[in-house]
Amino acid sequence: MMKPVLASLLAFCLLGCIPKEAFVSPPSSAPVATPAEAAPEKPAAPPVDLTPVPFETARANFVRDTSARFGIPAAEIEATLAKANFLDSVVAAMSRPAERVKPWHEYRPMFISQARIDGGRAFLAEHRAGLERVQARTGVPAELVVAIIGVETSYGANTGRYSVLDALYTLAFRYPRSGDPAKLEREVRRELFFRDELAQLFALGKEEKLDITALRGSYAGAMGMGQFMPSSYREFAVDGDGDGRRDLFGSLDDVFASIANYFVKKGGWVANAPVAVPATLAPGREPFNPEDWTPNHSLADLAARGYAPRQPVPAGATATPVSLEGSAGPQYWLGFQNYYAITRYNISKMYAMAVYQLSQAIAGREIPPA
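So the sequence shown is numbered by the working numbering: it starts at 793 and just counts up by one.
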């Protein structure tokens, strides 16, 4: 997926919904991550050649390599690319400077409002049977699947207006350059990343018999209610309705099953296990900020650092500490494996907490103030 994640922000992982880098497009109402948040989890990458390559050469190499890689006739790829357009609006969207990192008490309201909670409850009620079937099969709560759809696309109301082919073609061959030598390597890597996603789009079209010239999504090429990039679609989408296709555009059963499958396969979701619990930090102790959000710290280790859960937790559980800037002061949480699973959709501790708390509100459970 996403192998879910950026108001002009990019989240990096091995996707969030992407195998190499997790990128989940932001909902229209809010940014979802920041480079600063994602930096601790950015994996080491092999060297990349920074020598400029002319567009015509890069395009010809792409056609040749994609044809060989996925068994698609070069003439077919050429014919499709001939229909693609470079979009200045995509370059402008990707070039926008990242906003400052908002504190939690400003960030959460962009995701959790009464209207979004009410919309989630109505969506859950309308599609309860299908969502509960997925929950029974995977252990991923129905309200969490709904929360992802709510955050990503406002329950399907805004799945993106850009041609996916045009967006990926633009970013694959004209990823914006800042002119800053210190940023060149990252910009080249991002262009190569989107070039691979463009290749994955051709493979997806072949496998799922999709007309890729007709697909619509975000300015970064994410698609459907769950905003899957092409590579994540190929790896994590599943056939939820049994019709032999994986349709993340027209089949809600496929959408629900695929989001849950992403959590299980990419995030290691554990059925009937906690996501996160509020915690206290002993007076005078400094918050512990691990290098990443892997939940590999024992409760005894966390207790030695001054952390204590405010709710019962399973014996032998391991967790990661999460610090948030609340409106009334610092908030401390312990995030377990299922919290980590949400960060695989979009690598942002605040995104994960917002999705979790929205899911709780949709399910009718009380959530703490921001």
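Every residue, glycine too, gets a C-beta built ideally from N, C-alpha and C.
Three or more Cβ pairs drawn from the segment 934-944 and the segment 1141-1157 lie within less than 8 angstroms of each other, which places the two stretches in contact. Contact between M1021 and A1014 is confirmed by a C-beta separation of about 5 angstroms, below the 8 angstroms threshold. Ranked by how close their Cα comes to the Cα of F994, the residues W1085, A949, G1156 and L957 have L957 in first place. As for any alpha helix (DSSP H) of minimum length 4 sitting wholly inside the segment 843-903, the runs are 847-862, 866-873, 880-887 and 896-899, ordered along the chain.
Contact between G931 and A1063 holds, with the beta-carbon distance rounding to 2 angstroms and staying under 8 angstroms.
The shortest C-alpha to C-alpha distance from F903 to any of R920, A884 and V943 is the one to V943.
By the neighbour-count criterion, in which 16 or more other beta carbons inside 10 Å mark a residue as buried, T1072 falls on the exposed side. For a cut-off of 8 angstroms, the C-beta gap from S1043 to D1033 is around 5 angstroms, short enough to register as a contact. Across the set V1069, A876, S946 and Y961, the C-alpha of V1069 shows the shortest separation from the C-alpha of E1158.
A residue is called buried once 16 or more other Cβ atoms fall within 10 Å of its Cβ, and D972, having fewer, is exposed.
Our two residues, Q992 and D1035, have alpha carbons roughly 23 angstroms apart in a direct line. For A959, the uninterrupted alpha helix (DSSP H) run begins and ends at V956 to F965, by DSSP.
Rounded to the nearest whole angstrom, the C-alpha separation of A867 and M886 is 30 angstroms. Here I1051 really is in contact with I940; their C-beta atoms are around 5 angstroms apart, less than 8 angstroms. By the criterion of a C-beta distance shorter than 6 angstroms, R1136 is surrounded in its chain by K1058 and G1059, once the five residues flanking it on both sides are discounted.
According to the DSSP assignment, L916 belongs to the alpha helix (DSSP H) that extends over Q906 to E918. Shown here, Q1129 sits in a helix according to DSSP, grouped into three states.
Around the C-beta of V845, fewer than 16 other C-beta atoms lie within 10 Å, and the residue is accordingly described as exposed. In the DSSP secondary-structure assignment, Q1123 is bridged to L1116. Collapsing the DSSP output to three states places F1080 in coil. Around the beta carbon of G1121, a 10 Å sphere encloses fewer than 16 other beta carbons of the protein chains shown; the residue is thus reported as exposed. Within the same chain, Cβ atoms closer than 6 angstroms to the Cβ of G912 are found at V938, G942 and I1154, the five residues on either side in sequence being excluded.
By the Cβ neighbour-count rule, G1156 is exposed, with fewer than 16 other Cβ atoms within 10 Å of its own.
Excluding its 5 nearest sequence neighbours in each direction, L963 has C-beta neighbours in its own chain below 6 angstroms: F986, listed in chain order. For R1008, DSSP records a beta bridge to S955. Boundaries of the beta strand (DSSP E) around A1068: A1068 to L1073.
CA-to-CA, the gap between D857 and T945 works out to about 34 angstroms. For S970, the secondary structure class from DSSP, reduced to helix, strand or coil, is coil. Boundaries of the alpha helix (DSSP H) harbouring P1022: P1022 to F1028, taken from the DSSP string.
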